[in-house]
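Take a look at the structure set out below.
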Amino acid sequence: MHRIENKADVLIIGGGIAGIVSAIELLKKNKTVIILDRDEVENFGGLAKESFGGVFMVDSPIQKRNRIKDSVELAKSDWFSSAEFNNNAKYEKEWANYFIENNREKVYNYLSRHSVSFFPVVHWVERGLFHPGNSLPRFHMVWGTGLGLINSLLNSLKGITENSKFKSLFRHKVHSLHIQDGKVKGVFALNEADNTEHSFYADSVIIASGGMCGGDLSLLKKNWYEEWGSLPETILNGSHKYADGSSIKLANQAGGVSANLHLQWNYAAGVHHPRPKRDNHGLSLVPPKSALWVNYQGKRFENPALITAFDTRYLVERICKEPVKMSWQIMNYKIALKELAVSGSEYNDAIRDKKIFAFLKNVLFGNKNLINDLMENCKDVVFADNVEELVHKMNALQQNEMIDADDLKTQIEKFDNMLSPSKFRNDDQLRRIAQLRSYRGDRLRTCNFQKILDKKAGPLIAIREFILSRKSLGGCVTNLKSQVLDKEHEPIPGLYAVGEAAGYGGGGIHGKRALEGTFLAACIVNAQNAADAISRGY
Numbered sequence: 134m135h136r137i138e139n140k141a142d143v144l145i146i147g148g149g150i151a152g153i154v155s156a157i158e159l160l161k162k163n164k165t166v167i168i169l170d171r172d173e174v175e176n177f178g179g180l181a182k183e184s185f186g187g188v189f190m191v192d193s194p195i196q197k198r199n200r201i202k203d204s205v206e207l208a209k210s211d212w213f214s215s216a217e218f219n220n221n222a223k224y225e226k227e228w229a230n231y232f233i234e235n236n237r238e239k240v241y242n243y244l245s246r247h248s249v250s251f252f253p254v255v256h257w258v259e260r261g262l263f264h265p266g267n268s269l270p271r272f273h274m275v276w277g278t279g280l281g282l283i284n285s286l287l288n289s290l291k292g293i294t295e296n297s298k299f300k301s302l303f304r305h306k307v308h309s310l311h312i313q314d315g316k317v318k319g320v321f322a323l324n325e326a327d328n329t330e331h332s333f334y335a336d337s338v339i340i341a342s343g344g345m346c347g348g349d350l351s352l353l354k355k356n357w358y359e360e361w362g363s364l365p366e367t368i369l370n371g372s373h374k375y376a377d378g379s380s381i382k383l384a385n386q387a388g389g390v391s392a393n394l395h396l397q398w399n400y401a402a403g404v405h406h407p408r409p410k411r412d413n414h415g416l417s418l419v420p421p422k423s424a425l426w427v428n429y430q431g432k433r434f435e436n437p438a439l440i441t442a443f444d445t446r447y448l449v450e451r452i453c454k455e456p457v458k459m460s461w462q463i464m465n466y467k468i469a470l471k472e473l474a475v476s477g478s479e480y481n482d483a484i485r486d487k488k489i490f491a492f493l494k495n496v497l498f499g500n501k502n503l504i505n506d507l508m509e510n511c512k513d514v515v516f517a518d519n520v521e522e523l524v525h526k527m528n529a530l531q532q533n534e535m536i537d538a539d540d541l542k543t544q545i546e547k548f549d550n551m552l553s554p555s556k557f558r559n560d561d562q563l564r565r566i567a568q569l570r571s572y573r574g575d576r577l578r579t580c581n582f583q584k585i586l587d588k589k590a591g592p593l594i595a596i597r598e599f600i601l602s603r604k605s606l607g608g609c610v611t612n613l614k615s616q617v618l619d620k621e622h623e624p625i626p627g628l629y630a631v632g633e634a635a636g637y638g639g640g641g642i643h644g645k646r647a648l649e650g651t652f653l654a655a656c657i658v659n660a661q662n663a664a665d666a667i668s669r670g671y
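So for the sequence shown, my numbering puts the first residue at 134; every next one is plus one.
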């Protein structure tokens, strides 16, 4: 083992979207830049590359074309209501205000300049349940998913790196900072490809290496939200395999403080990946709105019923308060075909590959390839021609007899009976389905009050779902220049944090809840701020 030295104006730890945007902006300011990433070169782009590619935008031209009248004031009202910031959330609130006020220029205009295009219909998610959420649609889906977003940014990066001012090094694990006279002057890293030690020196170091919800869940478990009770027995990994909290530890090494680590953005509908690429690899389902969501005993969640698109945090909270922290969704093939989806670029190939006719076909007729793949290859999916056989398979999967077939059938029949034309449909879930179908962005992907026991819509399908880790809402406390702050709220010279490592800004820009699409958007904004601050000599 020997040590090799490298120098640059700026070192960026992490090659995800925040690191890439930081590099682009610094290179435009004629800075020399080195990105150090632990992953393989083909995974340049990190978790954003695997994402669905939804971007939160306020008062965008796409909203205006859809006659959606948004405003900064309304977005702030929605954000702060959803976030439920505590009284001490000084930097979190500053970042939230800044992000919304500068959203049009630093997100929509910025991405447009980098040839990123969006789906013409804006999606409406996180509408709010007990707290107001998005009062109107703000989830702008990238045409090309997260893969297309990253490829556009990488093309821009490639276009400005021919002057040899940029270097990207992979399989490099940064394990400590070089601190001299109270200033961060570089990092020490291990090249895991050949087991050699490297020293990197720079005037500025940007931490952009993600959060703590991926490969090593020890920090996530240590900071589990106490109000949700004990840890779920199974937590699937929906994050990056190297999102292990090491970035937070690096900042702490330099005297930086972190906040809100107990606030995590998990999903309630995780299933085991049919072809896992990492330990405990899970998929995040977009659950069918017309399915019956039941607990580990097959009892329907009620008052209110569980249904997606309103409050993701509540879904997780409700399931985590059960003695056994997993759930089932009961549906039929017709419902699955119309409504079931998987979040991310992998299972949305028509959008990812920009095939408009294939996409329209999936919308109109359903994605049969996806549903059939899950039925055949996902170990959490069982199907049958009747309730008795379905419950037998559900119990066999769990290796117990927790679910009673007669009881579950009675609950399904009660739900189905309210769908008869003569009924008033006095059911919370059905009222919300009607609300969803009133918006054209949801109407085509939501069944028109489909009965589950409809013999023409079979087979019956049950999906076993677990809590799936995704994002850390907390992280390094930063000011609006993306400088990491110490316990006295003073910037640590030479050290910056962006993206998930900074809680997306200030150590927790979202508070308790994300309005979705905000992760990618916030990374883009605070990365620009870091680059601007460095170029100005802060």
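Every residue gets a Cβ at the ideal spot worked out from N, C-alpha and C, and that includes glycine. None of these values were measured; they are calculated from a predicted model.
Checklist entry - Whose C-beta lies closer than 8 Å to the C-beta of N481 among residues of the same chain, with five residues either side of it excluded? => result Closer than 8 Å at the Cβ level, and outside the excluded window around N481, lie F185, T278, A474 and V475.
Next on the checklist: Less than 7 Å between C-beta atoms, sequence neighbours within five positions excluded: which residues of the same chain meet that for A322?
Outcome noted: L169, H305, K306, V307, H308, H331 and F333
Next on the checklist: Along the chain, where does the alpha helix (DSSP H) containing R451 start, and where does it finish?
Outcome noted: T445 to C453
Next on the checklist: Is the separation between the beta-carbon of Q583 and that of G431 shorter than 9 Å?
Outcome noted: Contact flag unset, no.
Item to check | Under 9 Å between C-beta atoms of S602 and L396 | outcome: Not closer than 9 Å, so no.
Next on the checklist: Between the region 357-377 and the region 569-581, can you find at least three pairs of beta-carbon atoms closer than 8 Å?
Outcome noted: no
Checklist entry - Once you ignore the five residues that flank A666 on each side, which residues in its own chain have a CB closer than 8 Å to its CB? => result Contacts found: K614, S615, Q616 and Y629.
Checklist entry - So G343 packs on A634, CB below 8 Å; how close in whole Å? => result 6 Å
Checklist entry - What three-state label does DSSP hand S602 in the structure shown? => result strand
Checklist entry - With C-beta atoms as the reference, is V449 less than 9 Å away from N500? => result Taking C-beta atoms as the reference points, V449 and N500 fail to come closer than 9 Å.
Checklist entry - Around the Cβ of H406, are there at least 16 other Cβ atoms within 10 angstroms (buried) or fewer (exposed)? => result H406 comes out buried.
Next on the checklist: DSSP three-state label for A335, please.
Outcome noted: coil
Next on the checklist: Please state the DSSP three-state secondary structure of I195.
Outcome noted: helix
Next on the checklist: On the criterion of 16 or more Cβ atoms from any shown chain inside 10 Å, does R646 qualify as buried, or is it exposed?
Outcome noted: R646 should be labelled buried.
Item to check | Beta-carbon contacts of G149 that lie in its chain and below 7 Å, excluding the five residues immediately before and after | outcome: G178, G179, L180, A181, A341, G343 and G632
Item to check | Distance, G261 Cα to N267 Cα | outcome: Approximately 7 Å, taken between the alpha carbons.
Next on the checklist: Report the CB separation of L302 from I153 in whole angstroms; it is logged as a contact under 8 Å.
Outcome noted: About 14 Å separates the two Cβ atoms, so there is no contact after all.
Checklist entry - Can the beta-carbon of E225 be found closer than 9 Å to that of G650? => result no
Checklist entry - Since D314 contacts D349 with CB under 8 Å, what's their CB separation in whole angstroms? => result Contact flag wrong, Cβ pair sits at about 32 Å.
Checklist entry - Among G640, A664 and N659, which one has its Cα closest to the Cα of S391? => result G640
Checklist entry - Which stretch, first to last residue, makes up the beta strand (DSSP E) that contains F189? => result G187 to F189
Item to check | Nonlocal neighbours in the same chain, by C-beta distance under 8 Å from V520, ignoring five residues either side | outcome: Answer for V520: A538, L541, K542, I545, L586 and L593, listed in chain order.
Checklist entry - If you follow the alpha helix (DSSP H) that H525 is part of, which residue opens it and which one closes it? => result V520 to Q531
Checklist entry - Between which two residues does the alpha helix (DSSP H) carrying I484 extend? => result D482 to R485
Checklist entry - Taking C-alpha atoms, which residue in V610, K487 and I137 lies nearest to K620? => result V610
Item to check | Integer-rounded CB distance, given that F189 should sit under 8 Å from I642 | outcome: So it is not a contact: roughly 11 Å between Cβ atoms.
Checklist entry - Does the region 195-213 touch the region 248-258, meaning 3 or more C-beta pairs lie closer than 8 Å? => result yes
Item to check | 6 Å CB neighbourhood of R565 in its chain, flanking five on each side removed | outcome: Answer for R565: I440, listed in chain order.
Item to check | Integer Cβ distance of V338 from L144, believed to fall under 8 Å | outcome: With a contact defined as Cβ atoms closer than 8 Å, V338 and L144 qualify at about 5 Å.
Next on the checklist: Quick check: what's the CA-CA separation for A654 versus I157?
Outcome noted: 16 Å
Next on the checklist: Just to confirm my understanding: we take K298, look at its own chain, exclude 5 residues before and 5 after, and list those with CB closer than 8 Å. What are they?
Outcome noted: L160, N163, K164, T165 and V166
Checklist entry - On the three-pair Cβ rule with 8 Å, is the region 451-466 touching the region 481-493? => result no
Checklist entry - Can you tell which of A483, P437, D211 and T294 has its C-alpha closest to the C-alpha of P265? => result Check the Cα spacing between P265 and each of A483, P437, D211 and T294: the tightest is with D211.
Item to check | In chain order, each beta strand (DSSP E) run of at least 3 residues that lies wholly inside the region 222-277 | outcome: 272-274
Item to check | Candidates L470, H622 and P421: closest to W461 by CA position | outcome: Looking at L470, H622 and P421, the one whose alpha-carbon comes closest to that of W461 is P421.
Checklist entry - Mind checking K239: buried by the 16 CB within 10 Å criterion, or exposed? => result buried
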